[in-house]
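As structure tokens, the structure follows; a few thoughts come after it.
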Amino acid sequence: MFTKLKLITLSLCLFTVQALAADKATEDKIKKLIASMSIEEKVGQMTQLDVREVSVTGPEGVAVVKAEKLKKIIHKYKAGSILNAAGQPMNIEQWGSLISAIQDEALSTEHQIPILYGIDSIHGVTYTAGSTLFPHNIGLAASLDLELSNQIAKVTAMETRASGIRWNFDPVLDIGRQPLWSRFEETFGEDPYIVEQMAVGMVKAYEQDGLDKPTAVASTMKHFVGYSAPDNGKDRTPATISDKDLWEYYLPQFQAAVDAGSSTIMINSASINGVPVHASKHLLQDVLRDKMGFKGLIVTDWEDIIRLHTRHRIAATPREAVKIAIDAGIDMSMVPNEMSFFEHLTDLVKSGEISEQRINESVAIILRLKFELGLFDNPYPEQEAIANFGKKQYQDLALESARATMTLLKNETLSKASASILPLTKNDKVLIAGPGANNLGPLHGSWSYSWQGSNEERYPESTLTLVEAFQAEVGADNVTSFAFTGYDNLANYDTDGLAKAAENVDYIVLALGEGAYAESPGALDDLTLDKNQIELAKAAALTGKPVILVLLQGRPRIVKEIEPAMKAILLAYRPGSKGAEAIVDTLYGKHNPSGVLPFSYPQFTGDHSTYDRNFLTNVQQLNVSGVSFNGHKPQWKFGFGLSYSNFTYSKLSLNKSTYSADDKISVSVQIKNTGDKAGEHAVQLFLSDLYASESPDFKRLKRFSKVKLKPGQSKTVKFELTTKDLSFVNSALERVVEDGEFKIAVGDLTKNFNYKK
Ligand code: BGC
Numbered sequence: 085m086f087t088k089l090k091l092i093t094l095s096l097c098l099f100t101v102q103a104l105a106a107d108k109a110t111e112d113k114i115k116k117l118i119a120s121m122s123i124e125e126k127v128g129q130m131t132q133l134d135v136r137e138v139s140v141t142g143p144e145g146v147a148v149v150k151a152e153k154l155k156k157i158i159h160k161y162k163a164g165s166i167l168n169a170a171g172q173p174m175n176i177e178q179w180g181s182l183i184s185a186i187q188d189e190a191l192s193t194e195h196q197i198p199i200l201y202g203i204d205s206i207h208g209v210t211y212t213a214g215s216t217l218f219p220h221n222i223g224l225a226a227s228l229d230l231e232l233s234n235q236i237a238k239v240t241a242m243e244t245r246a247s248g249i250r251w252n253f254d255p256v257l258d259i260g261r262q263p264l265w266s267r268f269e270e271t272f273g274e275d276p277y278i279v280e281q282m283a284v285g286m287v288k289a290y291e292q293d294g295l296d297k298p299t300a301v302a303s304t305m306k307h308f309v310g311y312s313a314p315d316n317g318k319d320r321t322p323a324t325i326s327d328k329d330l331w332e333y334y335l336p337q338f339q340a341a342v343d344a345g346s347s348t349i350m351i352n353s354a355s356i357n358g359v360p361v362h363a364s365k366h367l368l369q370d371v372l373r374d375k376m377g378f379k380g381l382i383v384t385d386w387e388d389i390i391r392l393h394t395r396h397r398i399a400a401t402p403r404e405a406v407k408i409a410i411d412a413g414i415d416m417s418m419v420p421n422e423m424s425f426f427e428h429l430t431d432l433v434k435s436g437e438i439s440e441q442r443i444n445e446s447v448a449i450i451l452r453l454k455f456e457l458g459l460f461d462n463p464y465p466e467q468e469a470i471a472n473f474g475k476k477q478y479q480d481l482a483l484e485s486a487r488a489t490m491t492l493l494k495n496e497t498l499s500k501a502s503a504s505i506l507p508l509t510k511n512d513k514v515l516i517a518g519p520g521a522n523n524l525g526p527l528h529g530s531w532s533y534s535w536q537g538s539n540e541e542r543y544p545e546s547t548l549t550l551v552e553a554f555q556a557e558v559g560a561d562n563v564t565s566f567a568f569t570g571y572d573n574l575a576n577y578d579t580d581g582l583a584k585a586a587e588n589v590d591y592i593v594l595a596l597g598e599g600a601y602a603e604s605p606g607a608l609d610d611l612t613l614d615k616n617q618i619e620l621a622k623a624a625a626l627t628g629k630p631v632i633l634v635l636l637q638g639r640p641r642i643v644k645e646i647e648p649a650m651k652a653i654l655l656a657y658r659p660g661s662k663g664a665e666a667i668v669d670t671l672y673g674k675h676n677p678s679g680v681l682p683f684s685y686p687q688f689t690g691d692h693s694t695y696d697r698n699f700l701t702n703v704q705q706l707n708v709s710g711v712s713f714n715g716h717k718p719q720w721k722f723g724f725g726l727s728y729s730n731f732t733y734s735k736l737s738l739n740k741s742t743y744s745a746d747d748k749i750s751v752s753v754q755i756k757n758t759g760d761k762a763g764e765h766a767v768q769l770f771l772s773d774l775y776a777s778e779s780p781d782f783k784r785l786k787r788f789s790k791v792k793l794k795p796g797q798s799k800t801v802k803f804e805l806t807t808k809d810l811s812f813v814n815s816a817l818e819r820v821v822e823d824g825e826f827k828i829a830v831g832d833l834t835k836n837f838n839y840k841k
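Take 85 as the starting number for the sequence shown in the numbering used here and just add one per residue.
Right, dumping it as structure tokens:
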């Protein structure tokens with residue numbers, strides 16, 4: 085009988101044969117093209133320029149192609165790639181005419197090689213008017229909901245492609261272990277496993293439909309590697325990272341994203357142990373290409389080749405900088421605002437200092453991506469893609485995901501007899517104050533209709549501020565606003581005004597934290613919440629009215645001084661287009677919060693350690709004879725987050741007490757909602773290696789699962805680990821599992837077991 089299985093096998097074989105034939109045909113085309121290209125054309129393909137090099141700002145404040153500029157860039161400098169937006173966010177039609185004009189010009193060249201346009205769509209589509217913006221990654225990590233982050237990436241892919249763009253500089257795989265860093269909000273927090281899980285899902289969501297399909301974009305793993313760990317906390321400054329730590333905490337997520345098929349990678353602008361990553365043959369060749377097996381496109385970050393000369397000072401001239409970066413393994417230079425890269429690389433190849441074979445390799449990679457993206461078939465915005473733009477369900481997803489990020493850190497009762505402060509009831513009279521209450525920037529953060537996200541006038545009319553969301557929910561009569569436009573507007577910090585406005589209300593909701601910023605302009609010298617905000621919080625507390633603190637911020641600003649006076653604290657991160665509604669839904673109990681901290685929230689500026697710290701970090705000798713073990717004392721711990729329900733664990737069990745190499749470790753635990761409200765709960769499984777030949781981490785998150793439970797309902801959650809989960813990277817940079825005792829912890833329950841090879 086000709087079985088179904090045989091049929092499937094046959095069609096799979098046929099598919100593979102066809103795919104191989106297509107690959108071979110593409111490879112032949114690439115070879116032919118390269119053989120017919122001049123050195124200038126090849127260098128041009130490796131050149132990426134800013135859109136402002138081909139455009140001017142038109143009457144509506146958007147980028148409009150300037151014919152002479154475009155001709156120069158395409159015909160003289162033969163540029164292969166353009167990036168970025170300029171001015172106001174453009175609508176789909178405006179993007180369509182910009183991209184079409186650029187492609188028209190590219191197709192008028194001898195070889196008709198289309199332009200590869202790249203953009204930063206970081207939490208939704210940043211630069212297209214009418215797009216939906218989702219919570220930043222730091223909040224998504226708090227949700228521990230992989231389904232949501234995958235869906236967000238899918239919508240981002242569709243709305244980017246609808247804008248005529250097929251290359252997205254996302255996802256960010258940098259790990260948030262340095263809370264001062266101004267791009268902390270773009271990270272998935274401090275844990276490598278969460279970063280890996282979320283990033284891999286996003287890479288797949290971006291690419292899995294097939295790059296030539298109107299629902300996909302090429303993803304970019306960034307920023308390879310160690311960008312997020314600047315020693316002094318400032319953006320693009322040196323990091324000191326041991327090789328052991330690099331392999332343990334910084335590289336696994338890149339490896340996982342390479343394995344998931346990400347097409348491109350962007351390099352860290354800074355240096356590790358004194359070596360700029362753009363100049364590191366070791367990291368780009370030995371590690372990324374050889375060990376990790378990455379075959380896709382390596383692009384620099386902004387201006388990073390010339391900065392080997394101007395900032396890093398490892399190249400005496402810009403020409404030498406080009407030589408170093410190309411020798412190290414860069415395929416494409418995000419130049420992006422001057423032409424010296426083109427001139428120098430052309431000269432270096434003509435003089436034989438860089439071989440033509442070397443640049444052929446990069447050009448082949450670039451052309452291959454253009455073929456895969458279907459640009460050679462049709463480089464213009466696709467009608468099918470445009471049809472996917474701006475759907476109502478994206479707004480629903482924005483609300484659902486913003487709600488899922490909400491992390492309740494405190495919820496006191498007013499007296500022993502009373503219930504918790506939150507949720508509020510609709511008849512309560514509330515005063516809304518603070519710089520985050522009447523501004524959209526703090527809800528969105530970076531990459532929000534502008535690079536910095538701080539241009540209030542660029543946000544769509546339909547996006548609600550916190551004050552508007554309160555009014556919409558409970559009616560203007562119940563809401564008093566003492567909040568003003570402009571984050572730095574001094575009126576927001578008028579303590580007397582606040583006290584007066586609070587006279588007739590039951591509660592004060594204070595929205596503090598940070599205004600929007602991106603990259604280096606967000607540099608910080610002190611993690612403590614700004615003084616004027618601290619004063620405002622103290623004044624609010626002095627009114628005697630219960631104060632509910634809502635924190636809108638991209639990184640954990642220190643609140644130790646005011647925390648005791650706040651009756652409830654909700655961390656909302658950067659919740660995006662529907663963030664205000666999500667906050668209000670949470671405060672009034674329409675949504676039961678389930679977010680958990682994806683980082684250790686520091687209590688002091690000078691005392692920060694990650695949850696997985698080395699055990700020795702716990703040791704504190706504060707006087708001559710006394711040693712304590714409480715060296716890790718965050719304000720709130722990694723994984724912490726309250727709910728309006730209560731969850732209790734029981735029956736934690738393992739399938740064995742001793743495991744050997746090929747065994748599966750099956751863990752089972754029961755969880756019950758013992759509260760009176762339905763809720764979701766993130767079950768987090770931690771593992772500790774009790775003793776190892778090199779100091780083990782205190783504990784590591786190994787699995788998580790989000791469960792929904794009605795009041796009184798129980799569920800059994802099962803996890804499966806392999807013995808690879810017991811491994812660590814040793815000083816010889818080998819991943820090893822050692823015999824010995826381990827501990828599993830879920831909630832307040834623990835179980836020990838042994839491993840023996
Ligand atoms: C950022 C990158 C971004 C690039 C292009 C740089 O300043 O570091 O993350 O992709 O600009 O906009």
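Yeah, the Cβ is synthetic: ideal placement off N, Cα and C, and Gly gets one too.
Inter-residue spacing [alpha-carbon to alpha-carbon] between residue 225 and residue 219 | 10 Å
Helix, strand or coil: which one does DSSP assign to residue 767?
-> strand
Is there contact between the segment 600-607 and the segment 319-330, where contact requires at least three CB pairs shorter than 8 Å?
-> yes
Do residue 306 and residue 496 have their CB atoms nearer than 7 Å?
-> no
Throw me the rounded Cβ distance for the residue 725 and residue 678 pair, which I believe falls under 8 Å.
-> 7 Å
Could you name the residues of the same chain whose beta carbon sits closer than 8 Å to that of residue 85, not counting the 5 residues immediately before and after it, in chain order?
-> Its pLDDT being 46, under 50, residue 85 is placed unreliably by the model, and the measurement read from it follows with that caveat. Closer than 8 Å at Cβ, skipping near neighbours: no residue.
Could you name the residues that DSSP lists as bridge partners for residue 733?
-> 755
Quick one: residues in its chain with C-beta nearer than 8 Å to the C-beta of residue 214, no 5 flanking neighbours on either side, listed in chain order?
-> 175, 176, 473, 474 and 544
Take the Cβ of residue 817 as the centre, count every other Cβ of all protein chains shown within 10 Å, and call the residue buried at 16 or more, exposed below.
-> exposed
Is it right to say residue 471 is buried, meaning 16 or more other beta carbons lie within 10 angstroms of its own, or is it exposed?
-> Under this definition residue 471 is an exposed residue.
Boundaries of the beta strand (DSSP E) in which residue 362 is found, first to last residue | No beta strand (DSSP E) contains residue 362, which DSSP labels as neither H nor E.
Inspect the beta-carbon positions of residue 362 and residue 348 and report whether they are closer than 7 Å.
-> Not in contact: residue 362 and residue 348 (Cβ atoms no closer than 7 Å).
Less than 6 Å between the CB of residue 253 and some heavy atom of the ligand BGC, yes or no?
-> yes
Please report the residue range of the beta strand (DSSP E) in which residue 825 lies.
-> 824-830
Between the C-alpha atoms of residue 193 and residue 159, what's the straight-line distance to the nearest angstrom?
-> 7 Å
In this structure, does DSSP put residue 836 in helix, strand or coil?
-> strand
The segment 369-385 contacting the segment 404-415, beta-carbon criterion three pairs below 8 Å = yes
Give a single yes or no on whether residue 386 has its beta carbon closer than 6 Å to a heavy atom of the ligand BGC.
-> Correct: residue 386 has its Cβ closer than 6 Å to the ligand BGC.
Given 8 Å as the limit, is there contact between the segment 232-245 and the segment 772-783, that is, 3 or more CB pairs closer than that?
-> no
Going by Cα to Cα distance, which pick from 807, 246, 833 and 480 is closest to residue 840?
-> 807
Would you mind sorting residue 178 into buried or exposed? The rule is 16 or more other CB atoms within 10 Å of its CB.
-> buried
For residue 195, name the three-state secondary structure that DSSP assigns.
-> coil
Count the other CB atoms within 10 Å of the CB of residue 357; is the residue buried (16 or more) or exposed (fewer)?
-> exposed
Check whether the segment 548-568 touches the segment 237-253, counting contact only when three or more Cβ pairs, one atom from each stretch, lie closer than 8 Å.
-> No: the two stretches stay apart, fewer than three of their Cβ pairs being nearer than 8 Å.
Going by C-alpha distance, which of 763, 673 and 753 is nearest residue 769?
-> Looking only at 763, 673 and 753, the smallest Cα-Cα distance to residue 769 is reached by 753.
Rounded to whole angstroms, what's the CA-CA distance from residue 664 to residue 639? Just pull it up for me.
-> 19 Å
Contacting residues, own chain, Cβ-Cβ under 6 Å from residue 283 (five flanking each side not counted) | 255, 257, 337 and 341
Where residue 511 falls, given that 16 or more other Cβ within 10 Å makes a residue buried = exposed
Secondary structure of residue 716, DSSP reduced to three states | Coil, per DSSP.
Kindly indicate the opening and closing residues of the alpha helix (DSSP H) around residue 221.
-> 221-227
Span of the alpha helix (DSSP H), counted from its first residue to its last, around residue 307 | From DSSP, residue 307 is part of no alpha helix (DSSP H) but of the beta strand (DSSP E) over 304-308.
For the putative contact between residue 809 and residue 786, defined by C-beta atoms under 8 Å, what is the C-beta separation to the nearest angstrom?
-> 5 Å
For residue 110 and residue 449, the rounded distance between their alpha carbons | 12 Å
Beta-carbon proximity check, residue 736 vs residue 833, cutoff 7 Å = yes
Who does residue 691 pair with in a DSSP beta bridge?
-> 688
Tell me the DSSP bridge mates of residue 202?
-> 167 and 251
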